[in-house]
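Novice: Every letter in the sequence shown is one number past the one before it in UniProt numbering, and letter 107, counting from 1, is 107.
Structure provided below as structure tokens; questions to follow.
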Amino acid sequence: MSSTEVFAPDDDKPAKKLLRVLRGEPSWPPPMWLMRQAGRYLPEFRAMRAQADFITRCMTPETAVELTLQPIRRYAMDGAILFSDILILPWAMGQPLEFRESVGPVLEPIRDRDALRRLDPSRVAEATAPVAEALRRLRAALDGHDPAADLGAGRPGATALLGFAGAPFTVACYMVEGRGSREFAETRTAAYRDPAFFEALIELLAEQTALTLCRQIEAGAEAVMLFDSWAGLLPPGEFRRHVIGPAAAIVRAVRARHPGVPVIGFPRLGGLLVGEYAAETGVDALALDTGADLEQARRLVPDRVALQGNLDPLRLLAGGDGLVAEAQAVCRALRGRPHVFNLGHGVLPQTPPEHVGMLVDAVRSA
Ligand code: 1CP
């Protein structure tokens, strides 16, 4: 173990472990949280699902707070990620959106400049005021200032609050396609046929995403993550134009207003281009997807950039000795680097909650 890895117990340190690592200090065992840690795999989440549709749940501070805290009570994660969605931004700009059972998000597609002009970015701050309120309440609850906050097994003051947004390309995929897809062929074809339209959309999203992240930070988020789930669909030239360029602009804008607040980038399925993404966007941390080779990632990504990831969500679903062994192998492979343990993509709805408990124990005893 190198001397940089030795820390006093959390209680003696004011800063939260997750934030220290995102700022570049290695820690052993690594701090952890899981993408989609609030979700259908939890019975207490399913119990609240019946009460209201998804957008209403996101836009009701009491509900968003409760759903964000559920996995913290159970597992005392080092990070709590706001319960919301990447598609709240297009919805807040006026694009009709619905989340349909067993279909997922359905939007009225935007495929040309006329449709794009009908969006109204001036509505976003007001439309998302409940998100800011949820973040304020969460921060108070997590830091233990709120006497009414019941964190159960959580550790007051130890859990960092994460905000997030979708990256422009991934949000554009849903806005243009109108729904989820494996290939987002309509979107990528539109980008080739009408580059002026697509670039205007990406530019609008980059600007609004930076503002969204700044508002989340001003409401209490201590770090933010930019999800580019479909980045890997693009050939290298388009990856540079629609993924790296906008992420760099967003990081610059966020940093100008909030220096010191870490930004995590997730260019999912970015393959060998993750090195260039990490070097050129200025992100503080790079989230690695399930397919990333950790030795290669260590070499490709500059040392100052923390790494997050990347256990296979199906490994978590399957459980057993393989889960413990593989989780500890991920930790060991990134030992000495600033590393935040996470999955390579979100927790799957069929995951037994006990497996998440096993995973937490495996990482904490790594
Ligand atoms: O109750 C329900 O069934 C709704 C399911 C659900 C949930 C729980 C959706 C619909 N979104 C969310 C929350 C969510 N989405 C979070 C909350 C915090 C957490 O991680 O615990 C986050 C960070 C997201 C981000 C998100 N939404 C992404 C990026 C990450 C990823 O998974 O790749 C994407 C692509 C979405 C779009 C979306 N929202 C919901 C669904 C089912 C989808 C995927 C649609 C598809 O392409 O099939």
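The C-beta atom is built at its ideal place from N, Cα and C for all residues, glycine as well.
List the whole-angstrom C-beta distance separating F164 from L82, where the pair is believed to meet the contact cut-off of C-beta under 8 Å.
Specialist: That belief holds up - the Cβ atoms of F164 and L82 are roughly 7 Å apart, short of 8 Å.
Novice: Any heavy atom of ligand 1 within a distance shorter than 7 Å of the CB on D312?
Specialist: No, the Cβ of D312 stays beyond 7 Å of every heavy atom of ligand 1.
Novice: Go ahead and label S229 buried or exposed: buried means 16 or more other beta carbons lie within 10 angstroms of its beta carbon, across all protein chains shown.
Specialist: Answer is buried; the Cβ neighbour count reaches 16.
Novice: Relative to the alpha-carbon of K16, which residue among G344, S365, A158 and L34 has its alpha-carbon at the smallest distance?
Specialist: The shortest Cα separation from K16 among G344, S365, A158 and L34 belongs to A158.
Novice: Starting from the C-beta of L119, find all residues in its chain whose C-beta is less than 6 Å away, skip the five residues before and the five after it, and write them out in chain order.
Specialist: Within the same chain, L119 has close Cβ partners M93 and G94.
Novice: Could you tell me whether any non-hydrogen atom of ligand 1 is closer than 7 Å to the CB of F83?
Specialist: F83 Cβ: within cutoff of ligand 1.
Novice: Nearest CA to the CA of M358: which residue from G319, E295 and A185?
Specialist: Comparing Cα-Cα distances from M358 to each of G319, E295 and A185, the minimum goes to G319.
Novice: Measure from the alpha carbon of A247 to the alpha carbon of each residue in G79, A231, V261 and L314, then state which is nearest.
Specialist: Nearest C-alpha to A247: A231.
Novice: With a cut-off of 8 Å, do at least 3 Cβ pairs link the stretch 38–51 to the stretch 115–130?
Specialist: No, because fewer than three Cβ pairs between the stretch 38–51 and the stretch 115–130 fall closer than 8 Å, the two stretches do not touch.
Novice: Tell me which residues share the same chain as L19 and place their Cβ nearer than 8 Å to its Cβ, disregarding the 5 neighbours each side in the sequence.
Specialist: The residues are A160, E222, A223 and P262.
Novice: Report the partner residues of I81 according to the DSSP bridge assignment.
Specialist: Paired residue(s): L162.
Novice: Which same chain residues, not among the five before or five after P302, have their C-beta less than 7 Å away from its C-beta?
Specialist: If we look at P302 and ignore the five residues flanking it on each side, its Cβ neighbours are A278 and A279.
Novice: Is F341 near ligand 1, judged by its Cβ being under 7 Å from some heavy atom?
Specialist: No - ligand 1 has no heavy atom lying nearer than 7 Å to the Cβ of F341.
Novice: For G346, which option in L233, P96, D85 and D194 has the closest C-alpha, if you only look at C-alpha atoms?
Specialist: Comparing Cα positions, the closest option is D85.
Novice: DSSP three-state call for R179: helix, strand or coil?
Specialist: In the structure shown, R179 sits in a strand (DSSP, three-state: E or B).
Novice: Give a single yes or no on whether H345 has its beta carbon closer than 7 Å to a heavy atom of ligand 1.
Specialist: Yes; taking the cut-off as 7 Å, the Cβ of H345 has a heavy atom of ligand 1 nearer than that.
Novice: Between the Cα of G180 and those of E218, G104, G144 and V21, spot the shortest distance and give me the residue it belongs to.
Specialist: Per the Cα distances, G104.
Novice: Go through its chain and collect everything with a Cβ distance to R57's Cβ below 6 Å, but skip five positions before and after it.
Specialist: T63, listed in sequence order.
Novice: May I have the straight-line CA-CA distance separating A285 from A196, to the nearest angstrom?
Specialist: Each residue's alpha carbon lies about 31 Å from the other.
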